[in-house]
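Once you know that position 7 of the sequence shown is 6 in numbering that gives the first Met the number 0, the rest is easy, because the numbers rise by one and skip nothing. Here a beta-carbon is modelled for each residue, glycine too, at the ideal position from N, C-alpha and C.
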Amino acid sequence: MVVTAVLTMAFWVVFFADYEGQSRSFLARECEGWFLWERSFPAADAWMAVVCLAGAMGLWKMRPWGLLFSLVAGGALIFLGLIDALFFFQNGLYWPVNFDVATEMVIHVWVLAFGSFVIVYVWGKRGLLL
Numbered sequence: 000m001v002v003t004a005v006l007t008m009a010f011w012v013v014f015f016a017d018y019e020g021q022s023r024s025f026l027a028r029e030c031e032g033w034f035l036w037e038r039s040f041p042a043a044d045a046w047m048a049v050v051c052l053a054g055a056m057g058l059w060k061m062r063p064w065g066l067l068f069s070l071v072a073g074g075a076l077i078f079l080g081l082i083d084a085l086f087f088f089q090n091g092l093y094w095p096v097n098f099d100v101a102t103e104m105v106i107h108v109w110v111l112a113f114g115s116f117v118i119v120y121v122w123g124k125r126g127l128l129l
């Protein structure tokens, strides 16, 4: 969860470091609303990163709140992945595949798979924390 939080923060640092470039990127050219839509994610991604870090810390310390924050993190990851993937499907942004699209595909698969894994794994180990 720590790696996911750190990579999410890095994504936004890169995004805002080249803000003008992002507004003219392949995805922005393919879909008029992409840039505006993408800019709506920092707060939700920040929340996800915070609960990922809190969950990881709580699990490391073997505290019950680690279970809570890990489950919240898993749910946040799945939500963000679903809303992101649906936008891409609805707007035909998964094709043609190039570096920008492949990067987004990796992110979508990761957050959906990792979020699901976190929920299933942590819930299965809840007896150790409660």
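Ordered along the chain, which non-local residues of its own chain (more than five positions away) have a Cβ less than 6 Å from that of Phe87?
Taken in chain order, the residues that qualify are Tyr93.
Can you look up Asp83 in the DSSP assignment and give me helix, strand or coil?
Helix, per DSSP.
Relative to the alpha-carbon of Leu79, which residue among Ile106, Leu35, Ser24, Ala9 has its alpha-carbon at the smallest distance?
Cα-wise, what sits closest to Leu79 is Ile106.
Secondary structure at Pro95, three-state DSSP: helix, strand or coil?
Coil at Pro95, not helix or strand.
Just to confirm the assignment, what range does the alpha helix (DSSP H) spanning Ser22 have?
Under the DSSP assignment, Ser22 falls in the alpha helix (DSSP H) whose first and last residues are 18 to 22.
Quick one, are the C-beta atoms of Leu70 and Ala4 less than 8 Å apart?
No, these two residues do not count as a Cβ contact at 8 Å.
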